[in-house]
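What follows is a set of notes on a single structure, which appears directly below.
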Amino acid sequence: MTEGPSKTAVFQAIVERKAATQSEIMDITGLSRSIVSSKLGQLCEDGFLTENGYRDSSGGRKPTLFSPNPEAGFFIGIDVKAPLLRVALLDLRFNIRETREAACDPRAQGEVILDQIVHMTNKLIRSSPEPKRILGASIGLPGLIDYTRSVSVAIERFPAWRDIPIKDVFVNTFGIPVFLENDVALMALGENWHRQDNDGKDFLYVGFRTGIGVATFIDGKLYKGVDGLANMLGHSIVDMRGKPCYCGNRGCLETLASEPAIEERAAALLSPKKKMIARDIYDACRRGDDLARKVIAETGRYLAIGLINLLCLFNPHQIIIGGDIIRAKDVLLEEVHKIIAELVRSPSLRNTSITSAQLGDEAAWIGAAYLAEQRIIGDGYDQGHTLLNRR
Ligand SMILES: [Zn+2]
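Going by numbering that gives the first Met the number 0, the letters in the sequence shown line up with residues 0 to 390, in that order.
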């Protein structure tokens, strides 16, 4: 390995694990002690790494842990949780430093919604302590993406959003690269990095949001399908005579299990003047409120039907349910496990671990920063040489 790649490999090994010792980096990268030691020295000197405590050891001197210096670079994470637009500033340790959130008019022209995203991003960049150290952005989109041109082709919840050239607009407005990805895939990347228990096995991440998306990891890689649409669990039909869905069909899973469905279910049980948003229902459920528990349990029953379809299709090692609904995870998971025990006959499929994520919606921001870091520093995107070798 030559000078540049070995420095990047050392840095990326640390980013992947949040913190690592010299001998752990040698194990991961296969590089010699002298090379790792020299690269660590340079990366600390250049301000990309800091010494961050010690690894516990059974005897002798405790080995030093190295972590990215959080101030050395920043990322913008954008999460389109239609109709909410959510932007955040994150540092090089993927700590969320500042956030902004606003609803858009889903019927507006795509350009108008994009303007709103650009405006929110601009405010975030202006308020950041080091605007010049913002390395790039990623945006999570619940719709069809043209990855080659970095164009957001369509978002079903935004009917007038068509062929939006996000990359061109970001490069021209802010001079930073932007990476496009499905919103639930970003959540899965964020959760996976946060948990640090990736053993390379297959897992499915189900993002419970305004809709329901799924990110499928096979051999550690995200499976996207022919057009990147292998994620639309929410539009699997569970009741042919059911309620109309905005996609044009009837009885899609998300008409029964999604944040709007939860809000509707609660509204039907509450007095006509009262209205609760999904997050308040989750918190009320956690406090033991009967009505909220009922709403979440019913949602769990329908979600379980969608999960059974996934079990039959993928026979995965693990399914992780993510999104803000994890605030009500006890009631949700109890119901999900109950229905699966009732309906799934195969003992092998019943053995799949179905758990809640550790992160809520913030997983999308962390995944966004992670993706941008991987592409910019890890792959040396668009620079010919990587940032780490700038001097
Ligand atoms: Zn639908």
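Where is the CB? At the ideal position from N, CA and C, for every residue including glycine. Because the structure is a prediction, the values reported are computed rather than measured.
### Task
Counting only the same chain and skipping the five closest in sequence on each side, list residues whose C-beta sits under 7 Å from that of Gly383.
Low local confidence applies: a pLDDT of 42 at Gly383 is under 50, so the model's placement there is unreliable, with the coordinate-based value given in what follows. Counting only residues of its own chain and dropping the five nearest sequence neighbours on each side, Gly383 has no CB closer than 7 Å to any other CB.
### Nearest-angstrom Cα separation, counted from Ile163 out to Arg106
Answer to the nearest angstrom: the Cα atoms are 15 Å apart.
### Query
Using a Cβ-Cβ cut-off of 6 Å (strictly less than) and excluding sequence neighbours within five positions of Trp160, which residues of its own chain qualify?
Around Trp160: Gly109, Ile154.
### Query
From which residue to which residue does the beta strand (DSSP E) around Thr172 run?
Counting along the chain, no beta strand (DSSP E) covers Thr172; the unbroken alpha helix (DSSP H) around it starts and ends at 165-173.
### Query
Is DSSP giving Pro141 helix, strand or coil here?
If DSSP states are grouped into helix, strand and coil, Pro141 belongs with coil.
### Query
Expressed to the nearest angstrom, what Euclidean distance is found between the alpha-carbon atoms of Ile276 and Leu179?
One C-alpha to the other measures close to 29 Å.
#### Entry: First through last residue of the beta strand (DSSP E) which encompasses Val205
202-207
### Task
Indicate, with yes or no, if ligand 1 has a heavy atom lying under 7 Å from the CB of Asn230.
Outside the cutoff, so no.
### Task
Using the Cα positions of Leu30 and Leu342, report the straight-line distance between them to the nearest angstrom.
51 Å
#### Entry: Pairwise C-alpha distance: Met25 and Arg16
13 Å
### Exposure label - Met239; buried when at least 16 CB within 10 Å
exposed
### Near ligand 1: Cys244 beta-carbon under 7 Å from a heavy atom
Judged by the Cβ position, Cys244 qualifies as a neighbour of ligand 1 at the 7 Å threshold, a heavy atom of the ligand being closer than this.
### Message
What residue range does the alpha helix (DSSP H) around Ala265 cover?
### Response
That run of the alpha helix (DSSP H) goes 258-268.
#### Entry: Euclidean distance between Cα positions of Val335 and Gly305
Between Val335 and Gly305, the C-alpha separation is close to 10 Å.
### Query
Sorry if obvious, but does the Cβ on His234 come closer than 7 Å to a heavy atom of ligand 1?
yes
### Query
Any heavy atom of ligand 1 closer than 7 Å to the CB of Asn248?
yes
### Helix, strand or coil at Gln21 according to DSSP, with G and I counted as helix
Here Gln21 sits in helix by DSSP.
### Message
Distance check for Ser257 and Ser391, CA to CA, integer angstroms please.
### Response
Nothing about residue 391 can be reported from this structure: the residues present for the chain run from 0 to 390 only.
### Message
I need the DSSP call for Pro315, collapsed to helix, strand or coil.
### Response
Coil.
### Task
Buried or exposed for Asn350, please, with buried defined as at least 16 other CB atoms from any protein chain shown within 10 angstroms of its CB.
exposed
### Query
Mapping DSSP to helix, strand and coil, what is Val86?
strand
### Query
Can you check whether the CB of Asp201 is closer than 8 Å to the CB of Pro346?
no
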